[in-house]
Amino acid sequence: MVQPSLPAEVPDVTPDLLSDEVYLLDVREPDEWDAGHAPHAHHIPMREIPARLAEVPTVGEVVVVCRVGGRSAQVAAYLAAQGWENVANLDGGMLAWEASGRAIVADTGLPARVL
1 MVQPSLPAEV
11 PDVTPDLLSD
21 EVYLLDVREP
31 DEWDAGHAPH
41 AHHIPMREIP
51 ARLAEVPTVG
61 EVVVVCRVGG
71 RSAQVAAYLA
81 AQGWENVANL
91 DGGMLAWEAS
101 GRAIVADTGL
111 PARVL
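1 is the number of the first residue of the sequence shown in full-length UniProt numbering; add one for each residue after it.
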């Protein structure tokens, strides 16, 4: 993924502050997504973000998530540098999501877990 020349500052949010209306953008790899993800999350792996920018809403709150928050912070900064003003990073990623008691689902039929 292309890094912005000047990293944009984006806010961090915690799972307990998120409403169900937020657009949760999961940027983890397909195997991580398959193992378990937040219900209603949208999956675009980090490496695909530049080619799939049109899929990321410019209206409404967008929160980017990965496993612990590092990759999602990079993607959120990238989106902000591209003009998104509605983006935040999920502090602690899916591990914080799970620890806060929020639901995790898997589309594979296996028990959901965070990789």
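Note that beta-carbon positions come from the ideal geometry of N, C-alpha and C, so glycine has one too.
The criterion of a C-beta distance shorter than 7 Å is satisfied by residue 86 and residue 61. Counting along the chain, residue 79 sits inside the alpha helix (DSSP H) bounded by residues 70-81.
Nearest in C-alpha terms to residue 84, of all of 92, 63, 96, is 63. Bounds of any beta strand (DSSP E) do not take in residue 110, whose DSSP letter is neither H nor E. Per the DSSP secondary-structure output, residue 64 pairs in a beta bridge with 25, 89.
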